[in-house]
Amino acid sequence: MSSNSFAYSEQSGGGEATELGQEATSTISPSGAFGLFSSDMKKNEDLKQMLESNKDSAKLDAMKRIVGMIAKGKNASDLFPAVVKNVASKNIEIKKLVYVYLVRYAEEQQDLALLSISTFQRALKDPNQLIRASALRVLSSIRVPIIVPIMMLAIKEASADLSPYVRKNAAHAIQKLYSLDPEQKEMLIEIIEKLLKDKSTLVAGSVVMAFEEVCPDRIDLIHKNYRKLCNLLVDVEEWGQVVIIHMLTRYARTQFVSPWKEGDGLEDNEKDFYDSDEEQKEKTDKGKKPYTMDPDHRLLIRNTKPLLQSRNAAVVMAVAQLYWHIAPKSEAGIISKSLVRLLRSNREVQYIVLQNIATMSIQRKGMFEPYLKSFYVRSTDPTMIKILKLEILTNLANEANISTLLREFQTYVKSQDKQFAAATIQTIGRCATNISEVTDTCLTGLVCLLSNRDEIVVAESVVVIKKLLQMQPVQHGEIIKHMAKLLDSITVPVARASILWLIGENCERVPKIAPDVLRKTAKSFTGEDDLVKLQILNLGAKLYLTNSKQTKLLTQYILNLGKYDQNYDIRDRTRFIRQLIVPNEKSGALSKYAKKIFLAQKPAPLLESPFKGRDHYQLGTLSHTLNTKATGYLELSNWPEVAPDPSVRNVEVIELAKEWTPAGKAKKENPDKKFYSESAEEEEDSSESSSDSESESGSESGEQDDEGDSSEDSSEHESESESGSGSEAENKRAAKKNSKTKGKSDSEDVDKENENSKTSDSSNAESSSIEDSSSDSASESESESESESRKVTKEKENKTKQDRNPLTKDVSLLDLDDFNPVSTPVARPTPALSPSLIADLEGLNLSASSSVISVSTPVFVPVKTHVLLHRMSGKGLAAHYFFPRQPCVFGDNMVSVQITLNNTTDWKVENIHIGEKKLPVGMQMHVFNPIESLEPEGSITVSMGIDFCDSTQTASFQLCTKDDCFSVNIQPPVGELLLPVAMSEKDFKKEQGMLTGMNETSTVIIAAPQNFTSSVILQKVVNVANVGVVPSGQDNIHRFAAKTVHSGSLMLVTVELKEGSTAQLIINTEKTVIGSLLLRELKPVLSQG
7 MSSNSFAYSE QSGGGEATEL GQEATSTISP SGAFGLFSSD MKKNEDLKQM
57 LESNKDSAKL DAMKRIVGMI AKGKNASDLF PAVVKNVASK NIEIKKLVYV
107 YLVRYAEEQQ DLALLSISTF QRALKDPNQL IRASALRVLS SIRVPIIVPI
157 MMLAIKEASA DLSPYVRKNA AHAIQKLYSL DPEQKEMLIE IIEKLLKDKS
207 TLVAGSVVMA FEEVCPDRID LIHKNYRKLC NLLVDVEEWG QVVIIHMLTR
257 YARTQFVSPW KEGDGLEDNE KDFYDSDEEQ KEKTDKGKKP YTMDPDHRLL
307 IRNTKPLLQS RNAAVVMAVA QLYWHIAPKS EAGIISKSLV RLLRSNREVQ
357 YIVLQNIATM SIQRKGMFEP YLKSFYVRST DPTMIKILKL EILTNLANEA
407 NISTLLREFQ TYVKSQDKQF AAATIQTIGR CATNISEVTD TCLTGLVCLL
457 SNRDEIVVAE SVVVIKKLLQ MQPVQHGEII KHMAKLLDSI TVPVARASIL
507 WLIGENCERV PKIAPDVLRK TAKSFTGEDD LVKLQILNLG AKLYLTNSKQ
557 TKLLTQYILN LGKYDQNYDI RDRTRFIRQL IVPNEKSGAL SKYAKKIFLA
607 QKPAPLLESP FKGRDHYQLG TLSHTLNTKA TGYLELSNWP EVAPDPSVRN
657 VEVIELAKEW TPAGKAKKEN PDKKFYSESA EEEEDSSESS SDSESESGSE
707 SGEQDDEGDS SEDSSEHESE SESGSGSEAE NKRAAKKNSK TKGKSDSEDV
757 DKENENSKTS DSSNAESSSI EDSSSDSASE SESESESESR KVTKEKENKT
807 KQDRNPLTKD VSLLDLDDFN PVSTPVARPT PALSPSLIAD LEGLNLSASS
857 SVISVSTPVF VPVKTHVLLH RMSGKGLAAH YFFPRQPCVF GDNMVSVQIT
907 LNNTTDWKVE NIHIGEKKLP VGMQMHVFNP IESLEPEGSI TVSMGIDFCD
957 STQTASFQLC TKDDCFSVNI QPPVGELLLP VAMSEKDFKK EQGMLTGMNE
1007 TSTVIIAAPQ NFTSSVILQK VVNVANVGVV PSGQDNIHRF AAKTVHSGSL
1057 MLVTVELKEG STAQLIINTE KTVIGSLLLR ELKPVLSQG
């Protein structure tokens, strides 16, 4: 005990020495200055004594303390001789701890470890599997080339060990031996080939890791084990799953043809898996698609799907990259929900996941559009996460959601995080270049930011405005003048340089301002940043060439200053410019072309995503994260043009079936009979009470078998049809107990529902399998009553399909509360405005009270008709359409369209109706009733309703007769997407006050004074747009109000007459895209005579 107490009181050693007096101090004085080392030495001496003790309890206590020291990062290497003596201890607990210590220090103390090598060799034959495995670990940790033959022999023996744990450690030792002596590669490959055949889930991950390290190019070793690895995948430990999935991704890219051909119309493949043979044949006969997926390719995609629910983020990321790289594009959408779920993890995981989403969202926006709100920035996010979320929001921006995103960005600009605020301004610039409809809106917003107090925000705005103005400089002279005024207050070099460059490029458009700017900058030239000095020189050169009268002396003054500058770049630029623009005897032929060189048309900058080039790296890898090829990175090969022979994978299928069939054979017989034959149902009914528990457990195991490892290729269609819907089998059992006939009809109903709502099928199957697996301990009676009550609920609420979805959605592990109810994350075109965004826009509606919005009658209905179908194209059937500007009777969100059909032939046209509709997702159409016949030279007018979702997208459909179908389309003018609104001038001003900033677009109109009379303006505006007139108390201001048909957002139009022959047209609306389009249509109409 005394020794222990001394060891534990080492920290107070200094104090004790003082108390013991001078003698004690003199005793410790040889190491007085190193009291800490002294106590360590004493402590280790104490441990050495305990290790040499005859008592196992003392040795065990010492080893525990030593392993504790190692865990804390303390150095315990000087205890190696004392510890290694105990390697032959008969106490298993001591032995285990000794091996833990030796694995840590065997590489450092190689000579001492070699002395005990015979003990390790004996331990390889120990009856305890943990000791055998530990001995192999220590042996492979002694990094001495001389023992390579001993290690090789040990690995060979361990690879044939009866214990899977030892075989797993043999796989780990292979990698260590290969790094020590690469010449052993061929022998190690033989061992890897042997271990790959191992059927234990414990070994699979480790041996694939060894395969990836030693011989990743030997794909032939995987052929025979491919199906086994796919089927074992669900049961392998998590880190093994990651390694196997990455390896199988590379394998799939070499062995299967690309599933991305033929327009990626492969959405039915997953459904085919659940159908019976007859249904599959019918589908293939109808479709006759040239691409058919290899069953082994489908096996991999199907067996990795359950792992999207893994608790381990690395596993989910691995499955996501597998789906991205090898699954049909129509099926890859399933990963989006799982990746968004990972955004609730810690910031390190978020960073990697967001990087991968940023890469994905460039190519396939539709995958993540439903989850737009999940990428909104939180105030608690670190800067790196905020910037990545901004990147994704920019990639997902489109005409439908840009107004919501711009409102979000306006908030971000006010952030205290300056780096993030600057990144937001760059994002607004990118949105402006990508979506031309909001360019002017963004530009206006950025100009407003120039008056911000924060210099960083102003500087970033200047840089972005410069890039935007490069695209359309002619229209924006006023902005350039405004920025020139800011030169006095802005000090950030990049911003100052950007302003000077803009003025230099547009010096002919601002002839009065440019020389003055040069005068001011000449004064401060010596104190400017190098970047700014270069732009001052450029500005001087451009002005010298365009306005030499005013700027000749100034430019020469600046060139003289630059000639003696400290920076050699500036001195070189000065010499170059002087020779080029100031002609003299020495100047060459280039000086003639000086003006063309300096004032050449510059290409507009391309604002691209920094993640654009990263997609050539495999997602989820270190190389992708760093955007550079890391050591050990294995590139994904391109898809082969022709698939290699698939029979190479057939070798071990029979063995697998033999091994796995007995486990579930007896259990699967009953569910199969129930699914296929009605007679079997009736036979079973009599013995239902006695065998119910058996059949329930059978169906459970069937579902889990199919979800996780459907390894029976010989009876694949059985397991496929069985797992079509977990709830379907449950419902059939429950219905039979009520009545046979009712049970049949109900199950048929369920079948029909499943056919109609295919999209929710996979999520139902998932959620039911989750339910089954999570309720193993529940009693049979509970599960019966649960399924019965669910059936009764379904019978009551069978009126609509929507009632059924929430039942299954509540159970799914992947469901997140803040998402809109998307039935399944299959990648398909998303609505222009998803339900959550509509709700969002309504919630953010800037209108304070809805009472002011009341739809009025149209002021004017234009009689202009549009050709829908020409009589030549329609074989004598002609069709015209026009917009009556009346509220649609078929739905509040629809625009009313009237179609006039004319029969110009000499015979009857029969059965005129609307055929196939090809509408953008979200758009809806209410068709007219079929017309039985139309007499020769006859005419008929019919009404339709189309919900254009507040966009000018084309509604394409087929106009059919008895014999022919003609493809036609309707594209609405932007003015027909509005309904006129009656409101007072006071309400108009109030609403207009709320719709400023980015919600306001304006332009200047120039026209003859006679075109600016009240009647002319009214006539022109209402001819273009279906707006209501707002009473105005001022003669020079004309106001009009409307609301969008789909979302009910206000559209406020103001025409303000100025002095002379100019007027200002202002449009205020939340729907900035529609506002910009309307501005474009009104401007030329109001300008012309």
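Each residue of the sequence shown is one higher than the one before, counting from 7 in my numbering.
In this text, a Cβ means the ideal position worked out from N, Cα and C, and glycines have one as well.
- In this structure, LEU551 sits away from GLY568, with a CB-CB distance that is not shorter than 9 Å.
- With 16 or more other Cβ atoms from the protein chains shown falling within 10 Å of its own Cβ, GLN190 counts as buried.
- At a Cβ-Cβ threshold of 9 Å, ILE1073 and LEU1058 count as neighbours.
- When secondary structure is reduced to three states using DSSP, PRO222 falls in the coil class, being assigned neither helix nor strand.
- Assignment of ASP460 by DSSP, reduced to helix, strand and coil, places it in the coil class.
- A direct Cα-Cα distance of roughly 20 Å separates GLN977 from ASN407.
- About 7 Å separates the CB atoms of HIS488 and VAL453; that is less than 8 Å, so the two are in contact.
- A straight-line Cα-Cα distance of about 38 Å links GLU244 and THR433.
- THR1075 places its beta carbon less than 9 Å from that of THR1050.
- ASN1042 counts as exposed, since fewer than 16 other beta carbons sit within 10 angstroms of its beta carbon.
- As the crow flies, the alpha-carbon of LYS526 is around 20 Å from that of GLU484.
- Check the Cα spacing between GLU511 and each of LYS548, SER385 and LEU540: the tightest is with LYS548.
- Counting only the Cα atoms, ILE153 lies some 18 Å from VAL90.
- Only exposed fits LEU168, as fewer than 16 other CB atoms lie within 10 angstroms of its CB.
- In the assembly as shown, LYS335 is a buried residue. Its beta-carbon has 16 or more other beta-carbons within 10 Å.
- Under the DSSP assignment, TYR111 falls in the alpha helix (DSSP H) whose first and last residues are 98 to 111.
- Between LEU907 and SER962, the C-beta gap is not smaller than 9 Å, which leaves the two residues out of contact.
- A direct Cα-Cα distance of roughly 50 Å separates LEU984 from TRP645.
- Just measuring C-alpha positions, the residue of GLY882, THR1007, PRO499 and LYS995 sitting nearest GLU943 is GLY882.
- Restricting attention to GLU51, PRO376 and PHE415, the CA atom closest to the CA of ARG384 is found in PHE415.
- For ILE197 against ILE156, the beta-carbon gap comes to about 15 Å, at or over 8 Å, which does not count as contact.
- Within the DSSP bridge table, the entry for ILE905 names TYR887 and VAL948 as partners.
- Distance from the Cα of ALA119 is smallest, within the candidate group ALA988, VAL150 and GLU99, for VAL150.
- For the 9 Å CB-CB criterion, PRO265 and ALA333 form a contact.
- When LEU53, LEU349, VAL213 and ASP522 are compared, the shortest CA-CA separation from ASP84 is found for LEU53.
- Here LYS234 is buried: its Cβ has 16 or more other Cβ atoms, across all protein chains shown, within 10 Å.
- Following the DSSP letters along the chain, one finds ALA988 in no alpha helix (DSSP H) but inside the beta strand (DSSP E) bounded by residues 984 to 988.
- Where LYS924 is concerned, the enclosing beta strand (DSSP E) starts and stops at 915 to 924.
- If you look at SER939, you'll find it in the beta strand (DSSP E) that goes 937 to 940.
- For ASP241, the closest alpha carbon among the candidates THR207, GLU219 and ASP223 is that of THR207.
- Burial is judged here by how many other beta carbons sit within 10 angstroms of a residue's own beta carbon; ALA1014 has fewer than 16 and is exposed.
- Under the three-state reduction of DSSP output, THR1068 falls in the strand class.
- Spanning the alpha carbons of ILE441 and ASN404 requires a straight line of approximately 7 Å.
- A straight line joining the alpha-carbon of ARG577 with that of THR557 spans about 20 Å.
- In this structure ARG584 touches LEU565 by the C-beta definition: roughly 5 Å separates them, less than 8 Å.
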